[in-house]
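Student:
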Amino acid sequence: QLDLTNGGPTDLVIRSIRIEGEVIGLAFFSYTTRLDILLPAGQSTQRRFDIDLSDLDHQATGLLPTKVIMIGPDRDVVAQHGFAVDVRGSMASIYGAFGLIMACITAAVLAGLLLAIWRHQLPTNRWQRGIRFLPSGLGIGLVVTFTLSAARLLVPSARWWLPLLLLFGIGAFLLGYFLP
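First residue of the sequence shown? That's 1 in my numbering, and the numbers climb one at a time after it.
(1) Considering only their Cβ atoms, is the gap separating TYR177 from GLY130 smaller than 8 Å?
(2) With H, G and I counted as helix, E and B as strand and the rest as coil, what does DSSP make of PHE80?
(3) With C-beta atoms as the reference, is GLN46 less than 8 Å away from GLN80?
(4) Could you please give the first and the last residue of the uninterrupted alpha helix (DSSP H) stretch that includes VAL144?
(5) Taking the straight line between their C-alpha atoms, what separation do you get for VAL87 and LEU162?
(6) Contact between the stretch 53-66 and the stretch 20-32: three or more CB pairs below 8 Å?
(7) Would you mind stating whether PHE146 and ILE94 have Cβ atoms separated by less than 8 Å?
(8) Helix, strand or coil: how does DSSP classify ASP170 here?
(9) When the distance is taken between beta carbons, is ILE117 closer than 8 Å to GLY72?
(10) Using the C-alpha atoms, what's the distance from GLY96 back to ALA111?
(11) Look up MET187 in the DSSP assignment and say whether it is helix, strand or coil.
(12) Tell me whether the beta-carbon of ARG119 lies closer than 8 Å to the beta-carbon of LEU63.
(13) Does VAL77 pass the burial test, meaning 16 or more other C-beta atoms within 10 Å, or should it be called exposed?
(14) Under 8 Å between the Cβ atoms of GLY82 and THR61?
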């Protein structure tokens, strides 16, 4: 249900509405439906519409930052509003598979790093060592973000995933830099 108010001086035309869920800049689901609403200046209206979300469980799982976008006649964004959605999908969804792939890549990077440590093959230059550790930290940050989202503990908006990524990335770099 939409509660719309046009506080502007001109009539507002809303051609369609889109609901999309996006994490780390990647869209994991998007639904658009046509509405064709004409909202005169200074007026309010309430509209109810149905969107078939039956295939959403194959696209995502967990908490996702979502926004509803109202689109004008020229495909321009008239207004948008963000909120969190709790998707009860499966780990076999696109979102779950992406998280699992990131976990596998991170595990491979960590295994290579641990092997290099065990074989004493780390660069002697501190900066090179720090750079070698950086991808593992970034990978851990991504895996933590997707895991907390899938466990419904965190909505991975940029306000949260970016600091997590930076924290783990910088932490890994510093670990490599100061490792003897």
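Ideal placement from N, C-alpha and C gives every residue a C-beta, glycine not left out.
Tutor: Per the coordinate set shown:
(1) yes
(2) Correcting the residue type first, residue 80 is Gln in the shown sequence and not Phe. Secondary structure of GLN80 (DSSP, three-state): strand.
(3) No, these two residues do not count as a Cβ contact at 8 Å.
(4) Counting along the chain, the alpha helix (DSSP H) containing VAL144 begins and ends at 126-150.
(5) Near 22 Å, if we compare the C-alpha coordinates of LEU162 and VAL87.
(6) yes
(7) no
(8) Reading the sequence as shown, one finds Ile at residue 170 and not Asp. Helix at ILE170.
(9) no
(10) 22 Å
(11) Nothing can be reported for residue 187, as the shown portion of the chain is limited to 1 through 180.
(12) no
(13) exposed
(14) no
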